[in-house]
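In what follows, a single structure is set out as structure tokens and then discussed.
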Amino acid sequence: MTQTNQKSRKAVKQSGFQVSPVAAGCAVLLISVAGATHAQQTGGELVVTGIRASIENAIATKRNSDGIVEALSAEDIGKLPDSTVAESVSRLPGVTAQRNKSTGRAQSVSVRGMSPDFNGALLNGREQASTGDSRGVEFDQFPAELLGSIVIHKTPEASLVGQGLASTIDLRTVRPLDFNKRTFSANVRSQRSGVDSGAGEGKGDRQSFSYVDQFADRTLGIALGYTKLKDEGAEQLKFNSWGGWNRDIKYNGKDVKIPGGFTADTEQSTSNREGLMAVIQYKPNKDFETVLDVFSSKGTFALKKTGLEGAFLENASYDPAGKLLPGAVVNSAGFVTSGTMDGYKGVVRNHLESGDDKLDSFGWNTKFKVGDWKAAADVSQSKVSRVSSRYETTAGLPGDGNTTGKTDTISWSGFNGTNLADTVFKTGLSYADRSQIKLTDVNGWSGGPSSPQAGYVAIPQVTDKVDNVRFSGRRNVEYGPVSSVEIGANFSDRTKVRTTQEGRLVVKGGDPYAGAAVPGTATNVAGTTGLAVVSWDPRGSLGTIYDLAKKVDSDILNKDWSVNEKVTTTFVKG
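In structure tokens:
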């Protein structure tokens, strides 16, 4: 570095002015400040921070690496360019972020077009556990505010642990002794979404805090970081016309067409996450350094679908064939533009996909000098747990629809055969009335009274733990083109377990036609139809409202598994 600086100063004396690639990119913003600085500065130290420093740091990382890497450095403490790691690294060449279809946020990373499962994920050079069914890490578990830099290794390297076939992504927290002074950062953001969309607006907020300090004549440093995210997405109004399907029926002796049925939902997602980072670094002299770092993240996610669905004629065991009542209007093409059907059994849907995850990672690294060798010892553990659930609950008029009084009517207007999404629908009863609408097996979709199904549930759980111990040594040598040699060994013990419960939801009590009261008082609208329906959160209802009739087949049994692997890796690098 000294030689580089000296050469740079010499070049300035000879040419009077020289522009580096990064300086050229920033010149428009800095030229006025640079002129004032040149006029006033006669000596001393110039410290470059902000976006220019982050670009220079990233370039230096790429230049000094033994392999091909892409690097991203924080503009300042707590200031990576995006809210998640996946969004940040998607700025780099050859890297693409894949977004979660429910939240829209970047969650996983594809490098060179390969699946995210082919990436290795490290935190400060240590292999990380994952919450998915494979090794692929969900990067939205790592808040960007808690990281100092990200390096993507695109080529293999002998000393790199946990390498992936496509790439190895190393997330790095800050090192407090790399800072010149005490540093503090706080950030508060809020947002609104879905404004003027005609549906409920979304809102969210994000807070972060970072603190770095040095003590004992800069031999001891600490870094602390905390971030909290709360996001409530805007409502999305959905309508599914089942492929634009129409039904052919007889009316007044003529063949006419009526709507076949629909599913209309209002969807909304919510997510929360908290992250914590702590680093303690002790370096009393140039021959000894020890660093202890802790990283923790926990989050929740839910996607709620509330709506109404049903066919306009017979649909299943409890849904009899209805008929078109007198007064229907038929156009010249044979479509019933407006009319009323009886025998309708609407199904109120309250479906919920949710997940709770927790990540804990710690590592202790010590570097020391023994003779001509620079040795390092590293101990780490990464563990995660994830509990997910998928509830699909149904509500409506309980009982067999073939019994008098157990069905409803539905009317429509403005139908022309191709515009189901724009057709106006109206039901005879209110599906937001809890005195009539019950949690029940509405239509006998699972086969009737011998196999009641008031919904379906799947509750998968994943736990993963990785323990690592690593030793390495490095020394300078003079042997032809080899200037140094590094040897080392890594010992890894990993255990991953996945279990699941899955099956039909049956209302407690043994009566296949039983109906249970819908908890709460909340209501919502069924997608674009505007029809009001009951709304509730089914989490926690298993065992209180419902019993589980487990579904047992090979596909479900194959979802339960466990893997334990112990890997010893040795390497020599010159």
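Each step along the sequence shown adds one to the number in our numbering, with nothing skipped, and position 468 is 620. Beta carbons: idealized from backbone N, C-alpha and C, even for Gly. Fair warning: this is a prediction, and the values are worked out from it, not measured in the lab.
- Query: Taking just the CA atoms, how far does residue 257 sit from residue 335?
  - Reply: Within the sequence shown, residue 335 is the residue found at index 183, counting from 1. Within the sequence shown, residue 257 is the residue found at index 105, counting from 1. Cα-Cα distance, rounded: 30 Å.
- Query: Under a three-way DSSP split, which group does residue 389 fall into?
  - Reply: Indexing the sequence shown from 1 puts residue 389 at position 237. Residue state, collapsed to three classes: strand.
- Task: Rounded to whole angstroms, what's the CA-CA distance from residue 482 to residue 594? Just pull it up for me.
- Result: As a working note, residue 482 is residue 330 in the sequence shown. As a working note, residue 594 is residue 442 in the sequence shown. Rounded to the nearest angstrom, the two C-alpha atoms are 31 Å apart.
- Message: Please report whether the beta-carbon of residue 329 lies at a distance below 8 Å from any beta-carbon of chain D.
- Response: Here there is only one protein chain, and chain D is not present.
- Leaving out five residues on either side along the sequence, give the residues of the same chain with a beta carbon under 7 Å from the beta carbon of residue 187. Here residue 187 refers to the residue found at position 35 of the sequence shown. With a pLDDT of 48 at residue 187, under the threshold of 50, the modelled position of this residue cannot be trusted; read the value that follows with caution. Cβ neighbours of residue 187 beyond the five flanking positions: none.
- Message: Taking the alpha-carbon of residue 664 as reference, which of 324, 356, 673, 606 has the nearest alpha-carbon?
- Response: Counting from 1 along the sequence shown, the entry for residue 664 is found at position 512. Of 324, 356, 673, 606, the residue nearest in Cα terms is 606.
- Message: I'd like the span of the beta strand (DSSP E) that includes residue 527, first residue to last.
- Response: Walking along the sequence shown from the start, residue 527 turns up at place 375. Segment 525-548, the beta strand (DSSP E) holding residue 527.
- Message: Quick check: residue 354 and residue 342, are their CB atoms within less than 8 Å of each other?
- Response: Locating residue 354 in the sequence shown gives position 202, where the first residue counts as 1. Locating residue 342 in the sequence shown gives position 190, where the first residue counts as 1. For residue 354 and residue 342, no; Cβs fall outside 8 Å.
- Assumed close pair residue 464, residue 412 - CB separation to whole angstroms, cut-off 8 Å: Within the sequence shown, residue 464 is the residue found at index 312, counting from 1. Within the sequence shown, residue 412 is the residue found at index 260, counting from 1. About 6 Å separates the two Cβ atoms, so the contact holds.
- Message: If contact is defined by three or more beta carbon pairs under 8 Å, each pair taking one atom from either stretch, is the segment 680-698 in contact with the segment 621-639?
- Response: no
- Message: Just to confirm before moving on: does the CB-CB distance between residue 504 and residue 689 stay below 8 Å?
- Response: As a first step, residue 504 must be located in the sequence shown, where it is residue number 352. As a first step, residue 689 must be located in the sequence shown, where it is residue number 537. Yes.
- Message: Here's the rule: buried if 16 or more other CB atoms are within 10 angstroms of the residue's CB, otherwise exposed. What is residue 191?
- Response: Residue mapping note: residue 191 aligns to position 39 of the sequence shown, counting from 1. Residue confidence is low: residue 191 scores 47 on pLDDT, short of 50, so the model does not pin down where it sits. Its coordinate-derived value is still stated next. The residue is exposed, with fewer than 16 neighbouring Cβ atoms inside 10 Å.
- Message: For residue 302 and residue 387, I'd like the C-alpha separation in whole angstroms.
- Response: Within the sequence shown, the letter at position 150 stands for residue 302. Within the sequence shown, the letter at position 235 stands for residue 387. Cα to Cα, the separation comes out at about 34 Å.
- Task: Leaving aside the five residues before and after residue 287 along the sequence, list all residues of the same chain whose C-beta is less than 7 Å from its C-beta, in chain order.
- Result: As a working note, residue 287 is residue 135 in the sequence shown. Answer for residue 287: 269, listed in chain order.
- Message: Suppose you measure from the CA of residue 477 to the CA of residue 266; what does that come to, to the nearest Å?
- Response: Taking the sequence shown and counting its residues from 1, one reaches residue 477 at position 325. Taking the sequence shown and counting its residues from 1, one reaches residue 266 at position 114. Computed Cα separation, rounded: 58 Å.
- Message: Using 8 Å as the threshold, is the C-beta distance between residue 578 and residue 667 below it?
- Response: As a first step, residue 578 is located in the sequence shown; it is residue number 426 there, counting from the start. As a first step, residue 667 is located in the sequence shown; it is residue number 515 there, counting from the start. No, they are not a contact pair.
- Task: Using alpha carbons as the reference points, say which of 381, 375, 276 lies closest to residue 534.
- Result: Indexing the sequence shown from 1 puts residue 534 at position 382. Checked all of 381, 375, 276; the closest Cα to residue 534 is 276.
- Query: Three or more beta-carbon pairs under 8 Å between the segment 567-584 and the segment 527-542, yes or no?
  - Reply: no
- Whose C-alpha, out of 619, 394, 360, is nearest the C-alpha of residue 378? Against the sequence shown, residue 378 aligns to sequence position 226. Taking only the C-alpha atoms, the option nearest residue 378 is 360.
- Whole-angstrom distance between residue 656 and residue 706, CA atom to CA atom: Residue numbering aside, residue 706 sits at position 554 when the sequence shown is read from its first letter. Residue numbering aside, residue 656 sits at position 504 when the sequence shown is read from its first letter. Answer to the nearest angstrom: the Cα atoms are 16 Å apart.
- Task: Could you give the DSSP three-state label for residue 297: helix, strand or coil?
- Result: On the sequence shown, position 145 is the one that residue 297 refers to. If DSSP states are grouped into helix, strand and coil, residue 297 belongs with the helices.
- In angstroms, rounded to a whole number, what distance separates the CA positions of residue 223 and residue 673? Residue mapping note: residue 223 aligns to position 71 of the sequence shown, counting from 1. Residue mapping note: residue 673 aligns to position 521 of the sequence shown, counting from 1. Cα to Cα, residue 223 sits roughly 52 Å from residue 673.
- Message: Using 8 Å as the cut-off, can you tell me whether the segment 427-434 makes contact with the segment 365-376, which would need three or more C-beta pairs spanning the two stretches below that distance?
- Response: yes
- Pick out the complete alpha helix (DSSP H) segments inside the segment 236-292, 4 residues or longer, and give them in chain order. 237-241
- Task: With DSSP collapsed to three states, give me the class of residue 714.
- Result: The sequence position of residue 714 within the sequence shown is 562, counting from 1. In this structure, residue 714 counts as strand in the three-state DSSP scheme.
- Item | Proximal residues to residue 525 (C-beta, below 6 Å), its chain only, five neighbours per side dropped | Against the sequence shown, residue 525 aligns to sequence position 373. Excluding sequence neighbours, residue 525 sits near 625, 627.
- Does the pairing of the segment 436-454 with the segment 485-499 give three or more beta-carbon distances under 8 Å? no
- Item | DSSP three-state assignment for residue 607, whether helix, strand or coil | Here residue 607 refers to the residue found at position 455 when the sequence shown is read from its first residue. Strand.
- Item | Rounded C-alpha distance that separates residue 304 from residue 321 | As a working note, residue 304 is residue 152 in the sequence shown. As a working note, residue 321 is residue 169 in the sequence shown. So the two alpha carbons sit approximately 4 Å from each other.
- Thinking C-alpha only, which one of 226, 219, 554 is nearest residue 208? In the sequence shown, counting from the first residue as 1, residue 208 sits at position 56. For residue 208, the nearest C-alpha among the options comes from 226.
- Task: Report buried or exposed for residue 473, applying the criterion of at least 16 other Cβ atoms within 10 angstroms of its Cβ.
- Result: Here the question's residue 473 lines up with position 321 in the sequence shown. By the 10 Å Cβ count, residue 473 comes out exposed.
- Could you tell me the distance, in whole angstroms, from the CA atom of residue 518 to the CA atom of residue 365? If you number the sequence shown from 1, residue 518 lands on position 366. If you number the sequence shown from 1, residue 365 lands on position 213. Cα to Cα, the separation comes out at about 20 Å.
- Task: Just tell me which of 306, 262, 237 has its CA closest to the CA of residue 214.
- Result: Sequence index remark: in the sequence shown, residue 214 carries index 62 (1-based). Checked all of 306, 262, 237; the closest Cα to residue 214 is 306.
- Query: Which residues does DSSP pair with residue 565 in a beta bridge?
  - Reply: Within the sequence shown, numbered from 1, the residue matching residue 565 stands at position 413. DSSP lists 576 as partners of residue 565.
- Message: What does the alpha-carbon distance come out to for the pair residue 713 and residue 586?
- Response: Reading the sequence shown from its first residue, position 561 is the one you call residue 713. Reading the sequence shown from its first residue, position 434 is the one you call residue 586. Taking the straight line from one Cα to the other gives about 42 Å.
- Query: If you compare alpha carbons, which of 551, 702, 644 is closest to residue 609?
  - Reply: If you number the sequence shown from 1, residue 609 lands on position 457. Measuring from the Cα of residue 609, the nearest candidate turns out to be 702.
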